[in-house]
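Residue numbers (the working numbering), protein chains in the order written: chain A, 1 to 158; chain B, 1001 to 1158. Note that CB positions come from ideal geometry on N, CA and C, so glycine has one too. Please read all numbers here as calculations on a predicted model, not as lab measurements. What follows is a single structure, written as structure tokens, with notes after it.
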DNA sequence: AAAACAAAGGTCAAGTAAAGTCAAAATATC
DNA sequence: GATATTTTGACTTTACTTGACCTTTGTTTT
């Protein structure tokens, strides 16, 4: 018997497919469709639609809120390159490693220098000063991945 | 269902644009146009047209009253605009406020869209997920400021 | 004038509609 | 049997909407 999570995963993937790479849902609606509690949608998103797997999840709370899931298309060299990097990157990222990565991205023309400069600023120890040192490199990695995904995915087509 | 607040925001922005930087409205009239209670106009103004976001809101009560929303010095350079924002910004920043700022920056050609996109990605709740919620908005603000500074410093004023 | 009235905008708290969190319970897998 | 994954649900936080009541200003009446 199929696991509910798998069904939900499949459903979302179909939505993305139909919509050329971008699904926009309402958590509670989708939950109702498959007859589960809303938080299970959250669970599926957090386990099967990560940056490392090539997805970008954005959301807004409050009245009229939504969740948007987009997938990297992998059709350009930049996308390939970044997807590859994303997979190779692991869980943590030091400031030093950040700089190495960014330099490479610029050298290989994956992202423009000005963009890299701003990323570097946001990912610096200075910016992350308030984050516990034990956690910092994890947060930095999350940010790096999300930034990269956002950069190559651009604005939602619509 | 699109949020009413977003519609109102857009409407006001268009009015400002049409009028070269200054919109003058009557709260109750605008409210009637979009079919909401007057106080919702106030809500939109207070969440999306603050001084820090580059607007100046003045008003007059009583018979013949009005509300005037002006964009701060339409003619300032990107650097000045950002400097102003930086100065007005305070210590904390929510995801929603982040988006309002970035949208403004892009709409008013202060920073290019791709840059705004990566900033948005890095500053999102998804990216900052591991940071304690009590700390999150502080960290987000630190990052925002750092990135904006990098942006200004990186673009040498001619 | 002064008082009364009308016509604005301002405030604030309650109501509603979403998504997020977290940990216990249930189920699968090894 | 132990460990990992999934399912559930009670509770939290965020964002938007509504409405009742307040204050200010201009106009009309006495």
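DSSP state of residue i mapped onto helix, strand, coil
i, result
"residue 1085 (chain B)", "helix"
"residue 1031 (chain B)", "helix"
"residue 1158 (chain B)", "Summary for residue 1158 (chain B): the model assigns pLDDT 42, below 50, so the residue's position carries little reliability; its value from the coordinates is reported in the next sentence. Three-state DSSP puts residue 1158 (chain B) in coil, outside helix and strand."
"residue 1016 (chain B)", "helix"
"residue 1004 (chain B)", "helix"
"residue 79 (chain A)", "helix"
"residue 1051 (chain B)", "coil"
"residue 1091 (chain B)", "coil"
Inter-residue Cα distance where the pair is residue i and residue j
i, j, result
"residue 115 (chain A)", "residue 1118 (chain B)", "8 Å"
"residue 1070 (chain B)", "residue 1010 (chain B)", "15 Å"
"residue 32 (chain A)", "residue 6 (chain A)", "16 Å"
"residue 1140 (chain B)", "residue 1123 (chain B)", "6 Å"
"residue 109 (chain A)", "residue 83 (chain A)", "15 Å"
"residue 4 (chain A)", "residue 44 (chain A)", "9 Å"
"residue 1020 (chain B)", "residue 1127 (chain B)", "37 Å"
"residue 154 (chain A)", "residue 1039 (chain B)", "35 Å"
"residue 85 (chain A)", "residue 49 (chain A)", "17 Å"
"residue 111 (chain A)", "residue 1102 (chain B)", "20 Å"
"residue 16 (chain A)", "residue 22 (chain A)", "5 Å"
"residue 1027 (chain B)", "residue 1107 (chain B)", "24 Å"
"residue 158 (chain A)", "residue 1077 (chain B)", "Caution applies to residue 158 (chain A), whose pLDDT of 42 falls short of 50 and renders its modelled position unreliable; the model cannot decide the point."
"residue 1063 (chain B)", "residue 1072 (chain B)", "27 Å"
"residue 1133 (chain B)", "residue 149 (chain A)", "23 Å"
"residue 151 (chain A)", "residue 143 (chain A)", "12 Å"
"residue 1014 (chain B)", "residue 113 (chain A)", "33 Å"
"residue 1047 (chain B)", "residue 18 (chain A)", "35 Å"
"residue 1094 (chain B)", "residue 1034 (chain B)", "27 Å"
"residue 1080 (chain B)", "residue 1097 (chain B)", "20 Å"
"residue 1135 (chain B)", "residue 135 (chain A)", "13 Å"
"residue 1036 (chain B)", "residue 1002 (chain B)", "14 Å"
"residue 61 (chain A)", "residue 1061 (chain B)", "34 Å"
"residue 156 (chain A)", "residue 1008 (chain B)", "22 Å"
Residue range of the unbroken beta strand (DSSP E) whose run includes residue i
i, result
"residue 1058 (chain B)", "1055 to 1060"
"residue 25 (chain A)", "22 to 25"
"residue 130 (chain A)", "Here residue 130 (chain A) belongs to no beta strand (DSSP E), and DSSP marks it neither H nor E."
"residue 71 (chain A)", "66 to 71"
First and last residue of the uninterrupted alpha helix (DSSP H) at residue i
i, result
"residue 1116 (chain B)", "1113 to 1123"
"residue 1150 (chain B)", "1133 to 1154"
"residue 1041 (chain B)", "1038 to 1048"
"residue 1107 (chain B)", "1095 to 1107"
Proximity below 8 Å, CB of residue i to CB of residue j
i, j, result
"residue 121 (chain A)", "residue 1089 (chain B)", "no"
"residue 51 (chain A)", "residue 145 (chain A)", "yes"
"residue 1137 (chain B)", "residue 1092 (chain B)", "yes"
"residue 1066 (chain B)", "residue 1012 (chain B)", "no"
"residue 56 (chain A)", "residue 41 (chain A)", "no"
"residue 75 (chain A)", "residue 68 (chain A)", "no"
"residue 1053 (chain B)", "residue 1129 (chain B)", "no"
"residue 131 (chain A)", "residue 1131 (chain B)", "yes"
Test: residue i CB closer than 8 Å to a CB of chain B
i, result
"residue 104 (chain A)", "no"
"residue 129 (chain A)", "yes"
"residue 147 (chain A)", "yes"
"residue 118 (chain A)", "yes"
"residue 110 (chain A)", "no"
"residue 154 (chain A)", "yes"
"residue 89 (chain A)", "no"
"residue 39 (chain A)", "no"
"residue 83 (chain A)", "no"
"residue 126 (chain A)", "yes"
"residue 138 (chain A)", "yes"
"residue 142 (chain A)", "yes"
Closer than 8 Å to chain A by CB, residue i
i, result
"residue 1092 (chain B)", "no"
"residue 1134 (chain B)", "no"
"residue 1150 (chain B)", "yes"
"residue 1063 (chain B)", "no"
"residue 1009 (chain B)", "no"
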